[in-house]
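*Asks:* Letter by letter, the sequence shown follows residues 1 to 314 in UniProt numbering. Take this structure, written in structure tokens, and hold onto it; I'll ask about it next.
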Amino acid sequence: MAAVKALICHTSCSPSSLLTSPPDIFPSSAPLSFSCTSRLIRPPTSAIVCLLRPQTNEPVLARVALARTRRRASVSATMATGVKEVLPPALTSTSDPPPIFDGTTRLYISYVCPFAQRVWITRNCKGLQDQIKLVPIDLQNRPAWYKEKVYPANKVPALEHNNEVRGESLDLIRYLEANFGGPSLWPEDPAKKEFAEELFSYTDTFTKSVFSSFKGEGDDQAAAAFDFIENALSKFEDGPFFLGQFSLVDIAYAPFIERFKPYLQEVKGIDITVGRPKLATWIEEINKNEAYTQTRRDPKELVESYKKRFAAQL
Ligand SMILES: N[C@@H](CCC(=O)N[C@@H](CS)C(=O)NCC(=O)O)C(=O)O
Numbered sequence: 001m002a003a004v005k006a007l008i009c010h011t012s013c014s015p016s017s018l019l020t021s022p023p024d025i026f027p028s029s030a031p032l033s034f035s036c037t038s039r040l041i042r043p044p045t046s047a048i049v050c051l052l053r054p055q056t057n058e059p060v061l062a063r064v065a066l067a068r069t070r071r072r073a074s075v076s077a078t079m080a081t082g083v084k085e086v087l088p089p090a091l092t093s094t095s096d097p098p099p100i101f102d103g104t105t106r107l108y109i110s111y112v113c114p115f116a117q118r119v120w121i122t123r124n125c126k127g128l129q130d131q132i133k134l135v136p137i138d139l140q141n142r143p144a145w146y147k148e149k150v151y152p153a154n155k156v157p158a159l160e161h162n163n164e165v166r167g168e169s170l171d172l173i174r175y176l177e178a179n180f181g182g183p184s185l186w187p188e189d190p191a192k193k194e195f196a197e198e199l200f201s202y203t204d205t206f207t208k209s210v211f212s213s214f215k216g217e218g219d220d221q222a223a224a225a226f227d228f229i230e231n232a233l234s235k236f237e238d239g240p241f242f243l244g245q246f247s248l249v250d251i252a253y254a255p256f257i258e259r260f261k262p263y264l265q266e267v268k269g270i271d272i273t274v275g276r277p278k279l280a281t282w283i284e285e286i287n288k289n290e291a292y293t294q295t296r297r298d299p300k301e302l303v304e305s306y307k308k309r310f311a312a313q314l
């Protein structure tokens, strides 16, 4: 029996999706192979497939059922859904605004902004891709309606939810944690909660210390900041993350460490993981988290953008 090729169109699939043969088109014994051409957010229960008749290669559209695996409510499960989101293009000065305050929850981001990336990662980790629509903005060619109609602070990230727009990345990741479902990313243990607050407070000091070295103000402050991170990662031993288990704290730091590591390596020849084994393991572990890796930028692109930004100050 000749194999029948099926291309899944306009839908998503996970590696574990099973395709069943549509009985009215081919005998159920006809083997079907398929490949994903486009992957969206929600694992579907059915898909429109484009089937090729074995003899004639004539295309036929059909709806087929997909067997789907249930997602467990655990962080590790959401880390590896195998579902890759198709990212929309960034809106520019010539783009129309979305239908603001129509009841849709929207997360306004820039693909290159580390602050926005925090909220984007949290959305993905909590499996909220269906509930929170990404609206990327081109900050270099920003639509005027963004400031006028969406967020007067004119920054990203901003979250449109329940007819209000909120900003500030650290507030927003906590807001998602408090107001949406999905795996918990905040500890129950009071000692961990207290440490989480401390690490949240340290984020600005951390970034400023590292940026100071980018501006040619010496590397000591940056080294001390990475030592602080190494010590913080040594506090809880029940996992490789800041609070042992993966949490919002890891999300708060990840976009910045993602940028600092390749920049310091390339521009200053500094490997931030040398003598910092906990940090090395943290980087390795966080890079296994698909909810995060789907938000990551090409390191070369990040280095180039920091080079442009800081070259004049060196
Ligand atoms: N404290 C803010 C910082 C947000 C921020 O500075 N975003 C930058 C992009 S990475 C931005 O929107 N800049 C536009 C501007 O300042 O005009 C947060 O944590 O959300």
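C-beta: ideal position from N, C-alpha, C; glycine also.
Short of 6 angstroms in beta carbon distance, which residues of its chain neighbour lysine 261, apart from the five on each side in sequence? Order them along the chain.
*Replies:* So the qualifying residues of the chain are Ile272.
*Asks:* Determine the contact status of glutamate 230 and arginine 276, defining contact as a CB-CB distance below 8 angstroms.
*Replies:* In contact: glutamate 230 and arginine 276 (Cβ atoms closer than 8 angstroms).
*Asks:* Going along the chain, which unbroken runs of the alpha helix (DSSP H) with 4 or more residues stay wholly within the segment 73 to 129?
*Replies:* Entirely contained in the segment 73 to 129, the alpha helix (DSSP H) runs reaching 4 residues are, in chain order, 75 to 79 and 114 to 125.
*Asks:* Candidates Asp171, Ser305, Pro299 and Phe214: which alpha carbon is nearest valine 119's?
*Replies:* Closest by alpha carbon: Asp171.
*Asks:* Label glutamate 177 either buried or exposed according to how many other C-beta atoms from any shown protein chain fall within 10 Å of its C-beta, with 16 as the threshold for buried.
*Replies:* Classification of glutamate 177: buried, given that the 10 Å Cβ count is 16 or more.
*Asks:* Would you mind stating whether phenylalanine 206 and alanine 225 have Cβ atoms separated by less than 8 angstroms?
*Replies:* Closer than 8 angstroms, so yes.
*Asks:* For proline 262, write down the residues that DSSP places opposite it in a beta bridge.
*Replies:* Answer is none; proline 262 lacks a bridge partner.
*Asks:* Is any heavy atom in ligand 1 found nearer than 7 angstroms to the beta carbon of leucine 302?
*Replies:* Leucine 302: no, Cβ never under 7 angstroms from ligand 1.
*Asks:* Can leucine 248 and isoleucine 173 be called in contact, C-beta distance under 8 angstroms?
*Replies:* Yes, they are a contact pair.
*Asks:* From threonine 105 to valine 274, what does the alpha carbon distance come to, in whole angstroms?
*Replies:* So the two alpha carbons sit approximately 42 angstroms from each other.
*Asks:* Should aspartate 160 go down as buried or exposed, given a rule of 16 or more other Cβ atoms within 10 Å for buried?
*Replies:* Just to set this straight, residue 160 is glutamate in the shown sequence, not aspartate. When all chains shown are included, glutamate 160 counts as buried.
*Asks:* Does the Cβ-Cβ distance between glycine 181 and lysine 126 come in under 8 angstroms?
*Replies:* For glycine 181 and lysine 126, yes; Cβs fall inside 8 angstroms.
*Asks:* Which same chain residues, not among the five before or five after lysine 192, have their C-beta less than 6 angstroms away from its C-beta?
*Replies:* The residues are Leu243.
*Asks:* If I'm right that valine 150 touches leucine 107 with Cβ under 8 angstroms, what's the distance once you round it to whole angstroms?
*Replies:* Contact doesn't hold; Cβ gap of about 11 angstroms is too wide.
*Asks:* To the nearest angstrom, how far is it from the Cα of lysine 147 to the Cα of valine 112?
*Replies:* Going from the Cα of lysine 147 to the Cα of valine 112 covers about 19 angstroms.
*Asks:* Considering only C-alpha positions, which residue in the set Glu304, Asp250, Thr92 and Glu266 is nearest to proline 143?
*Replies:* The candidate whose alpha carbon is nearest that of proline 143 is Thr92.
*Asks:* Less than 7 angstroms between C-beta atoms, sequence neighbours within five positions excluded: which residues of the same chain meet that for arginine 296?
*Replies:* Within the same chain, arginine 296 has close Cβ partners Glu258.
*Asks:* Less than 8 angstroms between the C-beta atoms of asparagine 124 and glutamine 245, yes or no?
*Replies:* No. Outside cutoff.
*Asks:* Hey, quick one: how far does the beta strand (DSSP E) through proline 136 stretch, first residue to last?
*Replies:* Element bounds for proline 136: 132 to 136.
*Asks:* Pull up the distance between the alpha-carbon of tyrosine 253 and that of threonine 94, whole angstroms please.
*Replies:* So the alpha carbons of these two residues sit roughly 34 angstroms apart.
*Asks:* Output the distance between the C-alpha atoms of glutamate 304 and alanine 90, rounded to the nearest integer angstrom.
*Replies:* If you take the alpha carbons of glutamate 304 and alanine 90, they lie about 20 angstroms apart.
*Asks:* Short check: CB of proline 157 to CB of phenylalanine 115, under 8 angstroms?
*Replies:* Contact: yes.
*Asks:* Using DSSP bridges, identify the partner residues of arginine 166.
*Replies:* Answer by DSSP bridge pairing, in chain order: Leu159.
*Asks:* Between the alpha carbons of glutamate 266 and phenylalanine 256, how many angstroms are there, rounded?
*Replies:* Approximately 16 angstroms, taken between the alpha carbons.
*Asks:* Starting from serine 213 and walking both ways along the alpha helix (DSSP H), at which residues does that stretch end?
*Replies:* Run containing serine 213: 190 to 214, per the alpha helix (DSSP H) assignment.
*Asks:* Return the first residue and the last residue of the alpha helix (DSSP H) that leucine 233 is part of.
*Replies:* First-last of the alpha helix (DSSP H) with leucine 233: 220 to 233.
*Asks:* Within a Cβ cutoff of 6 angstroms, which residues of the same chain sit near phenylalanine 101, ignoring the five residues on either side of it in sequence?
*Replies:* Asn163.
*Asks:* Looking only at C-alpha atoms, which of Ser110, Val86, Ala153 and Asp204 sits nearest to aspartate 130?
*Replies:* Ranking Ser110, Val86, Ala153 and Asp204 by Cα distance to aspartate 130 puts Val86 first.
*Asks:* Report the partner residues of glycine 244 according to the DSSP bridge assignment.
*Replies:* The partner list for glycine 244 (beta bridge, DSSP) reads Phe241.
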